[in-house]
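Only one structure is covered here, and it is reproduced in the block below.
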Amino acid sequence: MAEVLVYVDHVDGAVRKPTLELLTLARRLGDPVAVHLGAGADEAAKTLGEYGAVKVLAADSAEFADYLVVPKVDALQAAYDAVSPAAVLVPSSAEGKEIAARLAVRIGSGIITDAVDLEAGDEGPVATQSVFAAAFTTKSRVSKGTPVITVKPNSTAPEAAPAAGTVEQLSVSFGEKSTGTKIVSRTPRESSGRPELTEAAIVVSGGRGVNGAENFHIIEALADSLGAAVGASRAAVDAGWYPHSNQVGQTGKTVSPQLYVATGISGAIQHRAGMQTSKTIVAINKDAEAPIFDLVDYGVVGDLFDVVPALTEEVKTRKG
Amino acid sequence: MSLRIVVCVKYVPDATGDRHFAEDLTTDRESVDGLLSELDEYAVEQALQISEDADDAEITVLTVGPDDAKDALRKALSMGADKAVHVEDDDLHGTDVIGTSAVLAKAIEKTGYDLVVCGMASTDGTMGVLPALLAERLGVPQVTLLSEVSVTDGKVNGRRDGDTATEQLEASLPAVVSVTDQSGEARYPSFKGIMAAKKKPVESLDLDDLDIEADEVGLDGAWTKVDDATPRPARTAGTVVKDEGEGGKQLAEFLAERKFV
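Quick mapping for you: the protein sequence lines, in order, are chains A and B.
Mapping the first sequence onto UniProt numbering, position 263 (from 1) lands on 263, and the numbers just tick up by one.
Mapping the second sequence onto UniProt numbering, position 36 (from 1) lands on 36, and the numbers just tick up by one.
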């Protein structure tokens, strides 16, 4: 069976969920071969094998952490040369897309980004994408070279399928361009303890109606009662009430959780572009005319300062 | 020495309009008004600020697109860019991102550059990969997704706010930079700027000028193929209730029915 390269997104060997989704999708196309760059390959291999990686190609080198993107492209290219895969799958993070794009040029291939589903087809993998602010669903394929496809988080449920997951060292020679962009310093983002926004099953977002940074604790309390991530609209972010890293929308993150709770958000096109593919959408807004109500499965027209705390209490009571 | 800045911009269908596909499954540019991609305004703004801080700088704004795409160039010129280059050729219709990056790279090399500035993504395709593709093709450092950027002593410095960390980056010129919507509000063109833009030079280039063969671009030359585009089915109308004191409880009840609680 053909091999499919899967680029591993991890933190020191702790594999992030989108990679498990990629392994699950990769099995529809062939035998997944994981590419693990940086520390922690042995630890990661246990998880990668559990989800179907027949092999883990591992390389660890200071270049990956000290220089931006290009060393990782060199390594992925080395893996590509070693395996001659039927497809290369990369998580749709900002960095993942850049790595995938540069690889595509090097190997003379087309690239599809932000796929939300993937199937085997007669002429190679068929990718489903959600485009024009989720107004259209497209089916596309790479028509030249080896398909390079990035896949959005929450595209499928990870399914375990134990495989060998044998670790093999990958030999990488870095090109002279690999040290072009130096990472002078890195400040890890402080963890909120909540799920990562793009990976979360439930997202609770606040917008202009939250009316101040000091009120976001109401949104956070609801999120915590549901085990959810916290998002914010561009209006709330631009006002400085919540960090940009939590922005949901066209210029922020696109999310596709099982449940999206929009509070005090009117639902401008920019925001809808970032959350419209959520499976279930609920909204709380005092303006009955807000466009967000066109999208909802359930909406409450009311003051979020009354409704949200009441909802949080009720959720806590029901969860016991 | 003069700092040559090239800003890559895209003419896109207005995201607030009702965007569609044409019969050949390329973007329908007839049904919705076009404009300079909002995210590219941030690139123009940062180029202007870099130029203001430099002793001597010249900003060229570059686009690949149909005749209407001149509107995007005019907007950037009216904001303060010095001149424009428009790559226009009937054979370009349907070119995908890999092909577009090849065309832009040739045009950038022909124009001459020390710094290329791009927006973080287009507001139509939203791929966000073009800046990295340009860096790969030009063989220069990529310093991408910056929320802050500065150029001093032949080096570009910037801050990249990633998912898990904030990074300070540094690279020597020439380089490709992309900036996010956090880099600073774009200025509005002044009346004087709009009038001045009418007199600024717009150079037109076609595929021959760039030594690019027609079969390397266009719909038939594309590296990817769209086989199907289906409008998303309208959502069935949901339940909307007015809060009479029980709104929170009612919503909790709905979430329980759907097994979220």
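Beta carbons: idealized from backbone N, C-alpha and C, even for Gly.
(message) Quick check on this structure: which residue in Val83/A, Val255/A, Gly38/A, Ile284/A has the alpha carbon closest to the alpha carbon of Gly274/A?
(response) Val255/A
(message) In the DSSP output, what is Pro91/A paired with across the bridge?
(response) Val151/A
(request) Tell me whether Ser191/A is buried or exposed, calling it buried when 16 or more other Cβ atoms sit within 10 Å of its Cβ. (result) exposed
(request) Could you check the C-alpha separation between Ala76/B and Leu146/B for me, to the nearest Å? (result) 20 angstroms
(request) Would you kindly work out how many angstroms separate the C-alpha atoms of Asp153/B and Gly175/A, rounded to a whole number? (result) 25 angstroms
(message) Taking 6 angstroms as the limit between beta carbons, can you name the residues of its chain near Ala201/A, skipping five residues before and five after?
(response) Pro257, Gln258
(message) Which same chain residues end up closer than 7 angstroms to Arg28/A when comparing Cβ atoms and leaving out the 5 residues on each side of it in sequence?
(response) Leu118, Glu119, Ala120
(request) Could you please give the first and the last residue of the uninterrupted beta strand (DSSP E) stretch that includes Ala39/A? (result) That residue, Ala39/A, is in no beta strand (DSSP E); it is neither H nor E in DSSP.
(message) For chain A, check one thing: does any of its Cβ atoms lie closer than 8 angstroms to the Cβ of Asp161/B?
(response) yes
(request) Compute the beta-carbon to beta-carbon distance between Thr280/A and Asp297/A, rounded to the nearest angstrom, for a pair I have assumed lies under 8 angstroms. (result) 5 angstroms
(request) Please confirm if Arg74/B has its CB atom under 8 angstroms from at least one CB of chain A. (result) no
(request) Measure how close the beta-carbons of Ala104/A and Gly110/A come, nearest whole angstrom, since I'm counting them as under 8 angstroms. (result) 7 angstroms
(message) Can you pull out the residues from the stretch 168-185 of chain B whose beta carbon lies closer than 7 angstroms to at least one beta carbon of chain A?
(response) Gln168, Leu169, Glu170, Ala171, Asp181, Gln182
(message) Short of 8 angstroms in beta carbon distance, which residues of its chain neighbour Leu226/A, apart from the five on each side in sequence? Order them along the chain.
(response) Ile202, Val204, Leu259, Val261, Val315
(message) Would you call the stretch 14-23 of chain A in contact with the stretch 33-51 of chain A, where contact means no fewer than 3 C-beta pairs closer than 8 angstroms?
(response) yes
(request) Could you tell me which residues DSSP puts in a beta bridge with Pro188/A? (result) Ala165/B
(message) So for Glu168/A, helix, strand or coil by DSSP?
(response) strand
(message) Any beta carbon from chain B within less than 8 angstroms of Pro91/A's own beta carbon?
(response) no
(message) By the 7 angstroms beta-carbon criterion, what residues does the stretch 228-262 of chain A contribute toward chain B?
(response) His244, Ser245, Gln250, Thr251, Leu259
(request) Within its chain, find whatever has a CB closer than 7 angstroms to the CB of Gly80/B; leave out the 5 residues flanking it on each side and keep chain order. (result) Leu48, Gly193
(message) Between Val210/A and chain B, is any beta-carbon pair separated by less than 8 angstroms?
(response) no
(message) Quick check on Arg232/B: does DSSP put it in helix, strand or coil?
(response) coil
(message) Applying the 10 Å Cβ sphere with the 16-neighbour rule, what's the burial state of Thr239/B?
(response) exposed
(request) Measure from the C-beta of Pro188/A to each C-beta in chain B and report whether the shortest distance is under 8 angstroms. (result) yes
(request) Could you please give the first and the last residue of the uninterrupted alpha helix (DSSP H) stretch that includes Leu92/B? (result) Looking at the DSSP string, Leu92/B is not in any alpha helix (DSSP H), and its letter there is neither H nor E.
(request) Answer yes or no: do Leu205/B and Val87/B have a C-beta to C-beta separation smaller than 8 angstroms? (result) yes
(message) In whole angstroms, give me the CA-to-CA distance for Thr198/A and Ser183/B.
(response) 22 angstroms
(request) Mark Ala237/B as exposed unless 16 or more other C-beta atoms lie within 10 angstroms of its C-beta, in which case mark it buried. (result) exposed
(message) Strictly by DSSP, which residues pair up with Gly267/A?
(response) Beta-bridge pairing links Gly267/A to no other residue.
(message) Considering only their Cβ atoms, is the gap separating Ala26/A from Leu170/A smaller than 8 angstroms?
(response) no
(message) Pull the bridge partners of Pro141/B from the DSSP assignment, please.
(response) DSSP, once it has assigned bridges, lists no residue as partnering Pro141/B.
(message) If you measure between the beta carbons of Ala232/A and Gly206/A, is that distance less than 8 angstroms?
(response) yes
(message) Would the stretch 91-101 of chain B count as touching the stretch 219-227 of chain B if we require 3 or more Cβ pairs under 8 angstroms?
(response) yes
(message) Any C-beta of chain C within less than 7 angstroms: which residues of the stretch 232-245 of chain B qualify?
(response) No chain C is part of this structure, whose protein chains are labelled A and B.
(request) Please name the residue in Ser61/A, Ala134/A, Val69/A, Val11/A whose C-alpha comes closest to that of Arg235/B. (result) Ala134/A
(message) Against chain A, which members of the stretch 129-152 of chain B pass a CB distance test of less than 9 angstroms?
(response) Val129, Leu130, Pro131, Ala132, Leu133, Ala135, Glu136, Arg137, Gly139, Val140, Pro141, Gln142, Val143, Thr144, Leu145, Ser147
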